[in-house]
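A short write-up of the structure that comes next.
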Amino acid sequence: MSLMSLLSMLVSGTLFGFGLALSTMLSPEVILSFLRFRDRGLMLVMSGAVSVSLLAYQFAPRLRRKPVFGVQFDRHRLEPTRQTVVGAALFGVGWGLCGVCPGPAIAGLGVGNWPALYSLAGLAAGAWLQGVAAERGWWPIPRAVAP
Amino acid sequence: MLSSWFPSGWAHYLIGGLCIGFGIALLFVPTGRVGGMSTVFSSSWSFVSRRPFFRQTRLLQSRGWRLVFAGGLVLGAAGWWLALGPPGGVRTAVPPWQLLLGGLIAGYGARLSGGCTSGHGVCGLASLQAPSLWAVLTFMASAFVTANLVWRVGAH
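Quick look at the structure:
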């Protein structure tokens, strides 16, 4: 990986983290008040983020054969499976319980939101359990494990 | 309507969202990577675990940049804190058990689903993936129900 692509990754992460903090998404209270219909702000955050990334995802591969410093444009390819929906339902239960999702759990480290460390640990443990469950073929039916 | 829908103002939400979008664009155009945030929780286990699940090629190949990207998230949030944030940092009164248990369920679910609020909600929708739209509608629904139930029973 070239220095320039590493630098782009770091700068893009920095913008992402700054945006999360500026839009107060690092405060679980703000997320929970969205989920309780008291503040629609999260819709604005998602719309803003989707509109810019939509332009990048749709136009960059048409205008350039390959990325500026990379080899190819990745595609976020998804098969519609039961896991996608069952997993999303579970994710929502967890998110609705704590008001913290993966991005804000990580970015929370940068703003001294120490209680968010509980969620960070929970997310890491959940990802571990999902890996173990997938290996053992536990319910819900796991994604195929690539060799 | 504006003040009842957005009691704490709307501009910071929109500008923050645009920053997130530019971050995702700045990852994609120079490097070709698609950045949701939940995969780093699986790919980083490969640094310490020998389990075959975490040794999948797609996790091993992406663990480096995903961690760099996550490091950027911390830096960017810290930059906001230094420049604009409250001196004491962001605080939450949500009790530890809720943060921990919620994180555990959300982590399992996001990895099973293949994405979270950023992976499905931003990157998936922006790349016009139908499964991501289903995932977003599903997690929004279950999160609305859970957050309101928790509130009714008197938790935070």
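Residue numbers (my numbering), protein chains in the order written: chain L, 602 to 748; chain U, 13 to 168.
For each residue, glycine too, the CB sits at the ideal point set by N, CA and C.
It should be emphasised that the depicted structure is a prediction, and the values quoted were computed from it without experimental measurement.
For Met602 of chain L, no alpha helix (DSSP H) run applies, since DSSP gives it neither H nor E.
Under the DSSP assignment, Leu636 of chain L falls in the alpha helix (DSSP H) whose first and last residues are 629-636. Per DSSP, reduced to three states, the secondary structure at Arg103 of chain U is coil, with no helix or strand assignment.
Across the region 28-49 of chain U, CB contacts with chain L closer than 8 angstroms involve Gly28, Gly29, Leu30, Cys31, Ile32, Gly33, Phe34, Gly35, Ile36, Ala37, Leu38, Leu39, Phe40, Val41, Pro42, Thr43, Gly44, Arg45, Val46, Gly47, Gly48, Met49, in sequence order along the chain.
A residue is called buried once 16 or more other Cβ atoms fall within 10 Å of its Cβ, and Gly738 of chain L, having fewer, is exposed. In this structure, the alpha-carbon of Ala689 of chain L lies about 8 angstroms from that of Leu124 of chain U. Excluding its 5 nearest sequence neighbours in each direction, Thr625 of chain L has C-beta neighbours in its own chain below 8 angstroms: Val631, Gly642, listed in chain order.
In this structure Gly620 of chain L does not touch Cys128 of chain U by the C-beta definition: roughly 16 angstroms separates them, more than the 8 angstroms allowed. Put simply, of L:Gly704, L:Met605, L:Gln684 the residue whose alpha carbon is nearest the alpha carbon of Leu724 of chain L is L:Gly704.
The beta carbon of Arg663 of chain L does not come within 9 angstroms of any beta carbon belonging to chain U, so the residue lies off that interface.
A direct Cα-to-Cα measurement between Val612 of chain L and Arg637 of chain L gives close to 34 angstroms. Counting only runs that start and end inside the region 691-720 of chain L, the alpha helix (DSSP H) elements of at least 4 residues fall at 703-708.
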